[in-house]
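Numbering-wise (our numbering), the sequence shown opens with residue 284 and increments by one.
Positions of the beta carbon are idealized from the N, C-alpha and C atoms, including for glycine.
Before any comments, here is the structure.
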Amino acid sequence: ARQFNAPVSVSIEDKDGKVKLYILNDKPKKQSLTLKCTIFDFEKGVLQEKSRDFEVDALENYECFTLYEKQLARHFDLSRIGVKAELYKNGKLINEKTYLFKPEKDLKMREPSMSLSTALEGDEIAITVKSDIFARLVRVESSLSTLPLSDNYFDILPGESVTVRMKLDEKFTAEEQMNSFSLMCAN
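The structure is reproduced here in structure tokens:
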């Protein structure tokens, strides 16, 4: 959710049986970036992965990868797989998107088993969420604090984890706040 209007981002377009991954550079200077494309199964995890470096000129939309749905359908059930695109600058993840080949209602997704752990890091709480299978649009919520999280409504691939952060709320003890989190997801 936090990356929606980022000036340097990845975009995924689906048209005529082709899924195209683009890097969008809305900055006034050239960007050196790495795009990682992962095809994953909702339960098995990573099926294929490729990564390439790109030089993207100022104010340019650059087509990086094209995936062909018919070709993928010969090897995989499109109702059980997705694509994750991760954009890196200097080794740091700056933007990511997930694409699913079928409408949400036609996907074969089970409810995941997710776990949550918290750690105090200075004036912030780090909340790490892990899932056994693909978890769609994961939402972390505090029953006490309304302070914003560093991210929310994110996807987690099987066996992976995502860490988000929240500033400590002065109205509550760190322990109270660390025990106030719950999880929800779309599947």
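Could you tell me which residues DSSP pairs with residue i in its beta bridges?
i, result
"Met467", "Arg422"
"Asp297", "Val302"
"Asn288", "The partner list for Asn288 (beta bridge, DSSP) is empty, contrary to what the question assumes."
Using only alpha-carbon positions, find the residue among the options that is nearest to residue i.
i, options, result
"Ile364", "Ala289, Leu430, Asp324 and Asn288", "Asp324"
"Asp434", "Val447, Glu443, Phe337 and Ser425", "Val447"
"Arg335", "Glu343, Tyr351, Gly374 and Arg422", "Gly374"
"Lys303", "Cys347, Leu383 and Ser414", "Cys347"
"Glu394", "Ser414, Lys385 and Pro311", "Ser414"
"Asn378", "Leu466, Cys468 and Asn308", "Asn308"
"Ser463", "Asn470, Pro290 and Asp452", "Asp452"
"Leu383", "Ser362, Lys454 and Asp299", "Ser362"
"Met449", "Leu390, Lys380 and Thr401", "Thr401"
"Thr429", "Phe455, Met467, Tyr436 and Glu387", "Phe455"
"Ala469", "Lys353, Pro386 and Ala289", "Pro386"
"Leu350", "Lys333, Phe337 and Lys388", "Lys333"
"Met392", "Ala356, Asp360 and Leu355", "Asp360"
"Ser398", "His358, Gly442 and Leu376", "Gly442"
"Glu326", "Ser396, Ser465 and Ser425", "Ser396"
"Leu248", "Leu376, Ala289 and Val329", "Nothing can be reported for residue 248: it is not among the residues displayed for the chain, which extend from 284 to 470."
"Val329", "Ala457, Ile416 and Tyr436", "Ile416"
"Leu355", "Leu376, Asn344, Glu338 and Gln331", "Gln331"
"Ser425", "Ala457, Ser465 and Ala409", "Ser465"
Assuming residue i contacts residue j under a Cβ cut-off of 8 Å, what Cβ separation, rounded to an integer in Å, is found between them?
i, j, result
"Lys372", "Asp340", "Between Asp340 and Lys372 the Cβ distance is about 15 Å, and since that is not below 8 Å, they are no contact."
"Asp389", "Ala418", "So it is not a contact: roughly 18 Å between Cβ atoms."
Are residue i and residue j touching if we call contact CB-CB under 8 Å?
i, j, result
"Leu427", "Glu407", "no"
"Ala368", "Leu318", "yes"
"Leu370", "Leu420", "no"
"Lys310", "Val291", "yes"
"Val423", "Leu432", "yes"
"Leu403", "Met461", "yes"
"Thr321", "Val366", "yes"
"Gly405", "Lys353", "no"
"Ile295", "Lys380", "yes"
Establish whether the CB of residue i and some CB of chain B are separated by less than 8 Å.
i, result
"Val423", "In the structure shown, chain B cannot be found, because there is only a single protein chain."
Please specify which runs of the alpha helix (DSSP H), each continuous and at least 4 residues long, are wholly inside the stretch 320-376, giving them in chain order.
352-358
So within the stretch 378-463, which uninterrupted beta strand (DSSP E) runs reach at least 3 residues, ignoring any that extend past its ends?
397-404, 407-414, 418-425, 437-439 and 444-450
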